[in-house]
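For the sequence shown, the tail end lands on 130 under the numbering used here, and the numbers increase by one without skipping.
Quick reminder that beta carbons are idealized off the backbone N, C-alpha and C, glycines included.
Quantities reported herein were computed from a predicted structural model and do not represent experimental measurements.
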Amino acid sequence: MDELKTIEQELNSWSDILNIAVGAPSLAFALACASLPEYINLIGCAISIAMWISLMAYARPSFSRKLQELRLRQDKDERAREIIKFSEENFLSNYKFSPYLLGSLSLVLVAGYSYLSVLLKLLFP
């Protein structure tokens, strides 16, 4: 039960990190990039996606290290399998990740919009 609580606490702290460090800045950058002129918004989207990737690289190891340790033991330990199943069921199935997912989706949509607008400008001047 102790490892289950540890995983739950790490899941909660990871969702907080993602929502604060990735969700809000991603949404802000997406809105800012959408309001910039064509070529500048494309550069802004590239910068914001690079920022998103670097923040994900910072946030992911804090949670996944414990899961990796448990995955090594899952063949021998039934409790490790239960903990892994719990964390996989609760990872993206709850609403704790909504701001993070909204920020990530907005970045992808604005980057696609920016790319298409510049491409259409170049193809059809």
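Buried or exposed for residue i, going by 16 or more other Cβ atoms inside 10 Å?
i: I54; result: buried
i: I88; result: buried
i: L32; result: buried
Between residue i and residue j, what straight-line distance do the alpha-carbon atoms span, to the nearest angstrom?
i: Y120; j: E94; result: 35 Å
i: R78; j: L23; result: 27 Å
i: F129; j: Y118; result: 16 Å
i: W19; j: I58; result: 15 Å
i: R76; j: R86; result: 8 Å
i: I12; j: L36; result: 34 Å
Excluding the 5 residues preceding and the 5 following residue i in the sequence, name in chain order all residues of the same chain whose CB lies nearer than 7 Å to its CB.
i: C38; result: N46, G49, C50, S53, V115, S119
Please return the same chain residues whose Cβ sits closer than 8 Å to the Cβ of residue i, not counting the five positions on each side in sequence.
i: L41; result: G49
- Task: Report yes or no: do three or more beta-carbon pairs, one from the stretch 17-33 and one from the stretch 42-49, lie closer than 8 Å?
- Result: no
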